[in-house]
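Participant:
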Amino acid sequence: MREVAIVGVGMTHFGELWNDSLRGMFAEAASGAMADAGVDHLDGLYVGNMAAGQFVGQEHLGPLMASQIGMAGIPATRVESACASGGAALRAAYIEVASGMSDLVMAAGVEKMNDGADVTQVLATAADQELEAYHGATFPALYALIARAHMATYGTTEEDLAWVSVKNHHHGAMNPKAQFRREVTVEQVLGSSKVAEPLRLLHCSPVSDGAAAVLLCPLDQAARYTKRPVKILGTGLATASLSLADRKSPAILDAVKDSAVHAYKMAGVGPGDIQVAEVHDCFAIAEICCIEALGLVEQGKGGAAARDGLTALGGKIPVNTSGGLKSKGHPVGATGIAQAIEIVEQLRGLSGDRQVQGAEIGLAQNMGGSGASSVVHIFGRV
Amino acid sequence: MPSPGYWRGIPSRLRLEAVRCSSCENVVYPSRRICPHCHGTKWEPAELSRTGEVVTSTVVHVAPDDFAMEAPYVLALIETPEGARLMLQVTDCELNEIGPGTAVNLEFRRIRAEGNSGILCYGFKAVPAG
Numbered sequence: 002m003r004e005v006a007i008v009g010v011g012m013t014h015f016g017e018l019w020n021d022s023l024r025g026m027f028a029e030a031a032s033g034a035m036a037d038a039g040v041d042h043l044d045g046l047y048v049g050n051m052a053a054g055q056f057v058g059q060e061h062l063g064p065l066m067a068s069q070i071g072m073a074g075i076p077a078t079r080v081e082s083a084c085a086s087g088g089a090a091l092r093a094a095y096i097e098v099a100s101g102m103s104d105l106v107m108a109a110g111v112e113k114m115n116d117g118a119d120v121t122q123v124l125a126t127a128a129d130q131e132l133e134a135y136h137g138a139t140f141p142a143l144y145a146l147i148a149r150a151h152m153a154t155y156g157t158t159e160e161d162l163a164w165v166s167v168k169n170h171h172h173g174a175m176n177p178k179a180q181f182r183r184e185v186t187v188e189q190v191l192g193s194s195k196v197a198e199p200l201r202l203l204h205c206s207p208v209s210d211g212a213a214a215v216l217l218c219p220l221d222q223a224a225r226y227t228k229r230p231v232k233i234l235g236t237g238l239a240t241a242s243l244s245l246a247d248r249k250s251p252a253i254l255d256a257v258k259d260s261a262v263h264a265y266k267m268a269g270v271g272p273g274d275i276q277v278a279e280v281h282d283c284f285a286i287a288e289i290c291c292i293e294a295l296g297l298v299e300q301g302k303g304g305a306a307a308r309d310g311l312t313a314l315g316g317k318i319p320v321n322t323s324g325g326l327k328s329k330g331h332p333v334g335a336t337g338i339a340q341a342i343e344i345v346e347q348l349r350g351l352s353g354d355r356q357v358q359g360a361e362i363g364l365a366q367n368m369g370g371s372g373a374s375s376v377v378h379i380f381g382r383v
Numbered sequence: 014m015p016s017p018g019y020w021r022g023i024p025s026r027l028r029l030e031a032v033r034c035s036s037c038e039n040v041v042y043p044s045r046r047i048c049p050h051c052h053g054t055k056w057e058p059a060e061l062s063r064t065g066e067v068v069t070s071t072v073v074h075v076a077p078d079d080f081a082m083e084a085p086y087v088l089a090l091i092e093t094p095e096g097a098r099l100m101l102q103v104t105d106c107e108l109n110e111i112g113p114g115t116a117v118n119l120e121f122r123r124i125r126a127e128g129n130s131g132i133l134c135y136g137f138k139a140v141p142a143g
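Top line first, the protein sequences correspond to chains A and B. Read in order, the letters of the first sequence correspond to residues 2 to 383 in my numbering. Read in order, the letters of the second sequence correspond to residues 14 to 143 in my numbering.
#1: Rounded to whole angstroms, how far is the Cβ of A/R355 from the Cβ of A/R229, which I believe are closer than 8 angstroms?
#2: Give a yes or no on whether the minimum CB-CB distance between A/Y155 and chain B is below 8 angstroms.
#3: For the stretch 265-285 of chain A, list every residue whose C-beta sits within 8 angstroms of some C-beta in chain B, in sequence order.
#4: Could you check whether the Cβ of A/K249 sits closer than 8 angstroms to any Cβ belonging to chain B?
#5: Per DSSP, what are the beta-bridge partners of A/Q1 in this structure?
#6: Could you check which residue in B/R28, B/P58, B/D78 has the C-alpha nearest to that of B/V41?
#7: Of the choices A/G369, A/S371, A/E346, whose alpha-carbon is the least far from that of A/G359?
#8: Let's see if you can read the secondary structure: which residues bound the beta strand (DSSP E) around B/R98?
#9: What is the DSSP secondary structure of A/Y135, counted as helix, strand or coil?
#10: Under a Cβ-count criterion, where at least 16 other Cβ atoms within 10 Å of its own Cβ denotes burial, should A/A214 be classed as buried or exposed?
#11: Which residues in the same chain have their Cβ closer than 7 angstroms to the Cβ of A/D37, if we skip the five residues on either side of it in sequence?
#12: State the start and end residues of the unbroken beta strand (DSSP E) segment that holds A/A108.
#13: Kindly say whether A/H136, judged by its beta-carbon, lies nearer than 8 angstroms to any beta-carbon of chain B.
#14: So, is A/H42 buried or exposed, given that buried needs 16 or more other C-beta atoms within 10 angstroms?
#15: According to DSSP, is A/V40 part of a helix, a strand, or is it coil?
#16: Mind listing which residues of the stretch 109-133 of chain A have their C-beta closer than 7 angstroms to chain B's C-betas, in chain order?
#17: Within a Cβ cutoff of 8 angstroms, which residues of the same chain sit near B/Y135, ignoring the five residues on either side of it in sequence?
#18: Give me, in chain order, the residues of the same chain whose beta-carbon lies closer than 8 angstroms to that of B/T64; leave out the 5 immediate sequence neighbours on both sides.
#19: DSSP three-state call for A/E81: helix, strand or coil?
#20: By the criterion of Cβ-Cβ separation under 7 angstroms, what are the contact partners of B/L99 in chain A?
#21: In the DSSP assignment, what residue or residues form a beta bridge with B/N129?
#22: Take A/A313 as the anchor and find which of A/G54, A/G192, A/S166, A/M35 has the nearest alpha-carbon.
#23: Pull up the CB-CB distance for A/L200 and A/P251, whole angstroms please, since I reckon it's below 8 angstroms.
#24: When you compare the CB of B/H74 with every CB in chain A, is at least one pair closer than 8 angstroms?
#25: Which value, in whole angstroms, describes the spacing of the CA atoms of A/T157 and A/S100?
#26: Going by DSSP in three states, A/M26 sits in which element: helix, strand or coil?
Quick look at the structure:
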């Protein structure tokens, strides 16, 4: 397999973008990535998207999006893995370039959630319809069940959960692309309205619109496009049962662990080598479970990590310097690509106030459903 | 849910029919073609007890449209004595009295009226035992 680099990135603001359409947001992000790399052609396109068919009634995004950027004719496919669609699109693009099949491939992600659909119901289609949604399960409810199990098993507290939100809002306040550029306090989180106990509104990522895109090419061609390529060192994708009832322990996200094991092995690095990580904090408990599954902290110690400053900027392993899904926003199909962009910018040294000094190796982990899909990518400065 | 889908779910949803794998003896609910534990394909019928224990639970405050009138309600992962796990609502209870280990009975109930046409969907809910 060929070594692969990311040579261009582009993304929209994340937020309630009432004036922007699904296709318009994609075009903005995609043209941004192409301008960043100075390219005027593509050999292929993967569009990560969870549910445009339900959110705005539009399927068949591959050719639609290719034509929106003047690339009608190229191979273009939509990739769907619920909220891990972006990460899965990146992995598909990586495999296409690494295999030698294509040279310049875009991995993008886009979601338009604020166009009037019943968002709770649409998102719940990523859960098991027959066994979970039928009985009134929502995504916050599934993660609440995970949270209660984690609290019962490891003694994690509601305040621990709150600190994840406080930390990520602190980071997001410094991110010009973030949906919520403001700090929150532990008191505000614990005083916000209940969604699914123990999760409150400020433990939950918002409903967002947005798009993000990255360009991949063989590492030995990267100098044509950029002075600062970032190499993809490893990729891993793993799955678990869709339904929580079918898992050994609802407190442990096996797919996250398995995807990380694959990515670490391929990259030839371990959790101790990761200097900055973007982790799928769709709900505060998810960040706690994911940093444990990724090996960034010991199993059961994730609850204390944000509270103790371990995962904050300046801590031992800064997690979600972008603000995470919580503060930056979570347009579900775009999230996996936006996470990759944050790590690429960190490794390029372009993260401004959020820069992790000297970062050379970073990780992005993107998750779908209640942890049924997980994609991990590990990136290295060249 | 289209009505064929609703009819297909009757054995598992309305009668709690599960299956026991002939090779590894694990009880799987609802039935499926291939055993998730040993990949076996031979099954015997198994009916679940109408009792169970809460593994983990939550109180849902923000509900999908079809359940909006029910909120807040308890949703829990329940394990039956046969080792099968089901996600069910817990009802006829104080919201805060449900937690890991709570013993429950499973009762046949109306689950929701679906969509604009208001099709009644039935199934099981858990209620605290005793």
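We put the CB at the ideal spot given by N, CA and C, even for glycine. Note that the structure is a prediction, hence the values are computed from the model and not measured.
Facilitator: Concretely, from the data shown:
#1: That pair is no contact at about 17 angstroms.
#2: Chain B contact via Cβ: absent.
#3: Taking 8 angstroms as the Cβ-Cβ cut-off against chain B, none of the residues of the stretch 265-285 of chain A qualify.
#4: No, A/K249 does not count as interfacial toward chain B.
#5: Residue 1 of chain A lies beyond the residue range present for chain A, which begins at 2 and ends at 383; the question has no answer from this structure.
#6: Taking only the C-alpha atoms, the option nearest B/V41 is B/P58.
#7: The shortest C-alpha to C-alpha distance from A/G359 to any of A/G369, A/S371, A/E346 is the one to A/E346.
#8: 98-103 is the extent of the beta strand (DSSP E) around B/R98.
#9: For A/Y135, the secondary structure class from DSSP, reduced to helix, strand or coil, is helix.
#10: With 16 or more other Cβ atoms from the protein chains shown falling within 10 Å of its own Cβ, A/A214 counts as buried.
#11: Same-chain partners within the cutoff: G9, V10, G11.
#12: Segment 106-113, the beta strand (DSSP E) holding A/A108.
#13: So, interface residue.
#14: With fewer than 16 Cβ atoms within 10 Å of its Cβ, A/H42 is classed as exposed.
#15: DSSP places A/V40 outside both helix and strand once states are collapsed to three, so it counts as coil.
#16: Within the stretch 109-133 of chain A, D119, T121, Q122, A125, E131, L132, E133 place their CB atoms closer than 7 angstroms to a CB of chain B, listed in sequence order.
#17: For B/Y135, the CB contacts under 8 angstroms within the same chain, skipping 5 residues up- and downstream, are R26, L27, F121, R122, R123, I124 in chain order.
#18: T93, P94, A116, V117, N118, L119, A142, listed in sequence order.
#19: Three-state result, A/E81: coil.
#20: For a Cβ distance threshold of 7 angstroms, residue set A246 of chain A lies close to B/L99, ordered along the chain.
#21: According to DSSP, residue pairing for B/N129 in a beta bridge does not occur.
#22: Distances from the alpha-carbon of A/A313 to those of A/G54, A/G192, A/S166, A/M35 put A/S166 closest.
#23: The Cβ separation is near 14 angstroms, so there is no contact.
#24: At least one chain A Cβ lies under 8 angstroms of B/H74.
#25: Rounded to the nearest angstrom, the gap between the Cα atoms of A/T157 and A/S100 is 44 angstroms.
#26: Shown here, A/M26 sits in a helix according to DSSP, grouped into three states.
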